[in-house]
Structure formats: C-alpha cells, structure tokens
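Below is one structure, written out as structure tokens; comments come after it.
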Amino acid sequence: MDYKEIIFEKSNQIATITFNRPDKLNAMTPRMMGELWDAIRKVEDDPNLRVTIITGAGRGF
C-alpha cells in the first residue's frame with residue numbers, strides 16, 4: 001500500500017507509525033484508518049519488531 005496519510009518506519013526492533021495530516025491536526029479519515037490497519041498488519045507479520053510507537057506530525061495527536 002502506498003501511504004499518503006501516515007508514515008511507517010522500521011528501525012532495529014521498533015516500528016513507528018506517524019499520522020501525517022498536521023494541517024488538519026491529524027484528524028482521522030477513512031483512508032488513514034486503512035493505512036493504519038495495513039501498517040499494523042505489517043508489524044504483526046514481522047517477528048523482529050518488538051515495539052510500536054504511534055505518534056502524530058505537528059502539534060496534534
């Protein structure tokens with residue numbers, strides 16, 4: 001999936017999911033929910049990941 005409203009990163013054993021709609025204070029949209037679920041599935045399928053951080057870009061989370 002091509003992410004437009006989240007940023008998904010993996011480093012060592014940590015996954016970071018960043019909501020990336022700072023102009024809208026990261027308000028959820030149907031697309032963002034789909035992207036979030038896709039990223040969570042990727043985390044679940046990767047046995048090397050131990051921690052998931054969910055955060056927001058800008059000042060709103």
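If you read the sequence shown in UniProt numbering, its first letter stands for residue 1, the second for the next number, and so on.
Don't be surprised by glycine CBs; every beta carbon is placed ideally from N, CA and C.
With DSSP collapsed to three states, give me the class of G34. helix
First and last residue of the beta strand (DSSP E) that includes K10? I6 to S11
Is it the case that the Cβ atoms of A27 and I53 are separated by a distance below 9 Å? no
Flag this pair as yes or no: are the beta carbons of A57 and F8 separated by less than 9 Å? no
Short Cβ contact (9 Å threshold) for E35 with Y3: yes
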